[in-house]
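A.B. asks: When we follow my numbering, the leftmost residue of the sequence shown carries the number 1, and every step to the right adds one.
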Amino acid sequence: EATMAKSKFEYVREFEADDTCLPHCWVVVRLDGRNFHRFADKHSFAKPNDSRALHLMTKCAQTVMEELEDIVIAYGQSDEYSFVFKRKSNWFKRRASKFMTHVASQFASSYVFYWRDYFKDQPLLYPPGFDGRVVVYPSNQTLRDYLSWRQADCHINNLYNTVFWTLIQQSGLTPVQAQERLQGTLAAEKNEILFSEFNINYNNEPPMYRKGTVLIWQKVDEVMTKEVKLPAEMEGKKMAVTRTRTKPVPLHCDIIGDAFWKEHLEILDE
Ligand code: ATP
Ligand code: ATP
Ligand code: MG
Ligand code: MG
Ligand code: MG
Ligand code: MG
């Protein structure tokens with residue numbers, strides 16, 4: 001008889017599938033909002049980019065990075081966020097289902113928890129959901145190509161959406177007419193429509209819209225007010241105290257070229 005009490009039902013545990021992520025590989029969890037086309041509509045998101053929604057997404061991603069272990073970088077755009085766990089992470093014995101469900105549930109509860117900070121008096125009409133997937137990348141090159149793929153997707157969609165919505169909002173085209181106008185156009189032609197017809201230089205659009213958001217750990221000086229303990233004559237007085245903390249900091253820069261990775265060698269070295 002075993003010393004540990006075990007019921008005769010215990011054997012059902014053996015039915016659990018082994019979903020250990022391959023050792024020494026980058027583990028990526030990508031979340032995507034469920035039916036956010038409708039969610040954006042119902043909550044009157046500004047088109048093509050609602051900055052409140054993008055900032056809320058980033059707040060949720062920062063919460064995920066602070067609450068969970070071993071995330072070295074995250075990248076977000078539209079209704080999606082990708083989280084990269086360090087190669088040597090042994091969190092939950094590298095079980096894919098644990099990584100994915102902890103990220104998704106922490107993110108979704110944060111979205112509801114922080115909604116009001118970004119949307120003020122506009123009510124949240126129903127509980128949003130996010131799907132998650134896990135992909136394992138065996139090398140620095142494949143991880144970089146993954147992140148480049150997401151940022152290229154951001155660029156392609158944002159360029160299209162920027163012209164599409166400008167045609168609707170400034171020229172009064174219907175969505176069908178705008179879509180027909182853009183059918184088969186190349187990037188250069190979309191840039192040209194924006195520039196010649198609307199005097200918009202696409203490169204001057206906000207970097208958060210064009211590049212998405214990268215979150216990396218950086219040292220930040222935090223100024224807090226602290227109550228003074230001593231000397232006695234200053235009791236109860238408040239003083240500004242600066243301390244350094246490591247936080248997930250948002251950047252809206254290019255991550256496709258080498259410059260970002262050369263400037264942040266520590267990310268891929270982890
Ligand atoms: P699925 O459940 O398959 O993901 P979906 O409707 O969420 O369906 P996506 O391809 O994920 O489809 O696209 C997300 C949609 O959400 C965008 O096309 C856009 O309409 C909307 N959206 C997301 N974020 C924003 C934002 N910040 N501003 C404006 N619209 C947004
Ligand atoms: P882990 O993250 O590993 O799941 P855990 O602290 O959640 O850690 P569990 O084995 O899931 O550990 O146990 C959940 C614990 O939460 C219980 O041991 C109990 O202390 C507490 N708990 C959960 N639900 C209730 C409840 N309804 N009333 C009182 N305590 C509860
Ligand atoms: Mg989709
Ligand atoms: Mg979606
Ligand atoms: Mg999406
Ligand atoms: Mg528990």
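The beta-carbon is built from N, C-alpha and C at its ideal position, and this holds for glycine as well. Everything numeric in this text was worked out from a predicted model, so none of it was measured.
(1) Given this structure, state the Cα-to-Cα distance separating residue 265 from residue 259, to the nearest angstrom.
(2) Where does residue 100 sit, in a helix, a strand or coil, going by DSSP?
(3) Chain C beta carbons: is any one of them nearer than 7 Å to that of residue 268?
(4) Label residue 103 either buried or exposed according to how many other C-beta atoms from any shown protein chain fall within 10 Å of its C-beta, with 16 as the threshold for buried.
(5) Of all the beta strand (DSSP E) runs that stay within the bounds of the region 31-78, which reach a length of 3 or more residues?
(6) Looking at the structure shown, is residue 9 part of a helix, part of a strand, or coil, going by DSSP?
(7) Since residue 82 is in the beta strand (DSSP E), which residue starts that stretch and which ends it?
(8) To the nearest angstrom, report how far apart residue 187 and residue 17 are at their CA atoms.
(9) Where are the alpha helix (DSSP H) runs, 4 residues long or more, that stay fully inside the region 159-216, in chain order?
(10) Would you say the beta carbon of residue 110 is closer than 6 Å to some non-hydrogen atom of ligand 1?
(11) How big is the Cα-Cα spacing for residue 180 and residue 161?
(12) Would the beta-carbon of residue 136 fall within 7 Å of that of residue 25?
(13) Between which two residues does the beta strand (DSSP E) containing residue 265 stretch?
(14) Which residue from 70, 96 and 100 puts its Cα closest to that of residue 87?
(15) Indicate the three-state DSSP secondary structure (helix, strand or coil) for residue 114 in the structure shown.
(16) To the nearest angstrom, report how far apart residue 194 and residue 170 are at their CA atoms.
(17) Specify whether the region 142-153 and the region 47-58 touch according to this definition: at least 3 beta carbon pairs, one from each stretch, less than 8 Å apart.
(18) Check whether the Cβ of residue 76 sits closer than 6 Å to any heavy atom of ligand 1, and report yes or no.
(19) Quick one: any contact between the region 95-109 and the region 58-73, if contact means 3 or more CB pairs under 8 Å?
(20) Measure from the alpha carbon of residue 202 to the alpha carbon of each residue in 232, 156, 8 and 100, then state which is nearest.
(21) Return the CA-CA distance between residue 23 and residue 140, expressed in angstroms with no decimal places.
(22) Report the residue from 99, 105, 224 and 35 whose alpha carbon sits nearest the alpha carbon of residue 245.
(23) Please list, in chain order, all residues of the same chain as residue 53 whose beta carbon is under 6 Å from its beta carbon, the five residues on each side excluded.
(24) Looking only at its chain, what residues have a beta carbon closer than 7 Å to the beta carbon of residue 124, apart from the 5 residues adjacent to it on each side?
(25) Based on the DSSP output, what are the partners of residue 239 in its beta bridges?
C.D. replies: Considering the structure as presented:
(1) 10 Å
(2) helix
(3) Judged by its chain identifiers, the structure shown contains no chain C, having just a single protein chain.
(4) buried
(5) 71-77
(6) coil
(7) 80-85
(8) 46 Å
(9) 175-182, 187-198 and 207-211
(10) no
(11) Cα to Cα, residue 180 sits roughly 13 Å from residue 161.
(12) A Cβ-Cβ contact shorter than 7 Å links residue 136 with residue 25.
(13) Residue 265 -> not in any beta strand (DSSP E); alpha helix (DSSP H) instead, spanning 265-269.
(14) 70
(15) In this structure, residue 114 counts as helix in the three-state DSSP scheme.
(16) 11 Å
(17) no
(18) no
(19) yes
(20) 156
(21) Near 14 Å, if we compare the C-alpha coordinates of residue 140 and residue 23.
(22) Here the closest residue by C-alpha is 224.
(23) 45
(24) 112 and 115
(25) 226
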